[in-house]
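**Q** Residue numbers for the sequence shown follow the UniProt record's numbering, beginning at 1 and rising by one. All C-beta atoms, glycine included, are put in the ideal place defined by N, C-alpha and C. Predicted model only: the values in this text are computed from it and were never measured.
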Amino acid sequence: MQDRPYDARPATTGIRRQLPVWVIAVIAICCLVELGLIIGEMVYGAQLRTMSLFVGGFWSHLFWVNRGIYPGQPIIMFFTYGLMHSGLMHLGMNMISLAVLARELTRMISPGRMFLIYAVSQIAAALLFALMAPTAGPMVGASGAIFGLAGALVSYAAVIGYRKKRPLGPLWRGVLWLLVLNVALTILMPSIAWEAHLGGGIAGVLMGIAMALMPARR
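This is the structure:
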């Protein structure tokens, strides 16, 4: 995977501004899951969403006891929780944030490395949530992974911009989106899992620095 040269100039429309296929896939899956839950609630009632949380949400207690209601749940829930959301507002805010951040990162790094940041940040978000809130749950949403992308955007742009003495426009846009997302989610969703945001953000910052210092593959 070869990273794209960092370019601080305003990007024009074109392939570099298109969303990676995996980002489109994640958005589509999250929307389909929420749509399925909404339709299911209309048919079977609110208990369907409750059951889905038991099956796909992240439960800290299950991680520590290493057992769940089905085989492999303590591992599988690290991946499923990021595809579920608590409602249309939660889903909309996360998917818009994901699209905006991914469009910025496509100017800097390859889709493969961006996906690696997203996946690692989602796992790191759940791990810190389990560590700081060992009896909490369920936790759902892609926020932790999205904060990882935001952290990577900020750190990558900062390192490359500093080394090449270039304007840091993408850096400040990343910081702005990070702050807006965090404040909005905190105000609109008092039960927000800030521990997951912190875990994902830290992972993203560290990976962004590492990738900025890593020689590009040719």
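Quick one: what's got a C-beta closer than 6 Å to GLN122's C-beta in the same chain, skipping five residues either side?
**A** Along the sequence shown, one-based indexing puts residue 122 at 122. Excluding sequence neighbours, GLN122 sits near GLY82, GLY144 and ALA145.
**Q** Within 10 angstroms of the Cβ of SER97, are there 16 or more other Cβ atoms? Answer buried if so, exposed if not.
**A** For the purposes of this step, residue 97 is taken as residue 97 along the sequence shown, with counting starting at 1. SER97 should be labelled buried.
**Q** I want to know whether the segment 26-45 touches the segment 103-110 - three or more CB-CB distances under 8 Å.
**A** no
**Q** Mind checking who PHE58 pairs with in its DSSP beta bridge?
**A** On the sequence shown, residue 58 is found 58 positions in, with the first residue counted as 1. MET139, per the DSSP bridge assignment.
**Q** How many angstroms separate the CA atom of MET214 from the CA atom of LEU153?
**A** Mapped onto the sequence shown, residue 214 falls at position 214. Mapped onto the sequence shown, residue 153 falls at position 153. About 15 Å.
**Q** According to DSSP, is ASN94 part of a helix, a strand, or is it coil?
**A** Looking up residue 94 in the sequence shown gives position 94. Looking at ASN94 - three-state DSSP - the assignment turns out to be helix.
**Q** In three-state terms, what does DSSP make of PRO74?
**A** As a first step, residue 74 must be located in the sequence shown, where it is residue number 74. In the three-state reduction of the DSSP assignment, PRO74 falls in the helix class.
**Q** Could you say which of ARG49, MET139 and VAL120 lies nearest to VAL205 if we only look at CA atoms?
**A** As a working note, residue 205 is residue 205 in the sequence shown. Selected option, being the one with the closest Cα: VAL120.
**Q** Please look up how many angstroms separate the CB atoms of ALA125 and GLY199, rounded, as I've assumed it's under 8 Å.
**A** Taking the sequence shown and counting its residues from 1, one reaches residue 125 at position 125. Taking the sequence shown and counting its residues from 1, one reaches residue 199 at position 199. Going by Cβ atoms, the distance from ALA125 to GLY199 rounds to 4 Å, so yes, they are a contact pair.
**Q** Measure the alpha-carbon distance for ARG67 versus PHE129 and round it to whole angstroms.
**A** Translated into positions along the sequence shown, residue 67 becomes position 67. Translated into positions along the sequence shown, residue 129 becomes position 129. Rounded to whole angstroms, ARG67 to PHE129 spans 18 Å at the Cα level.
**Q** Using CA atoms only, rank isn't needed, just tell me which of MET114, ALA133 and VAL140 is closest to residue 221.
**A** This structure does not reach residue 221, given that the chain is present from 1 up to 218, and the question cannot be answered.
**Q** Give me the Cα-Cα distance between ILE209 and ALA46, rounded to the nearest whole angstrom.
**A** Residue numbering aside, residue 209 sits at position 209 when the sequence shown is read from its first letter. Residue numbering aside, residue 46 sits at position 46 when the sequence shown is read from its first letter. Whole-angstrom Cα-Cα distance: 44 Å.
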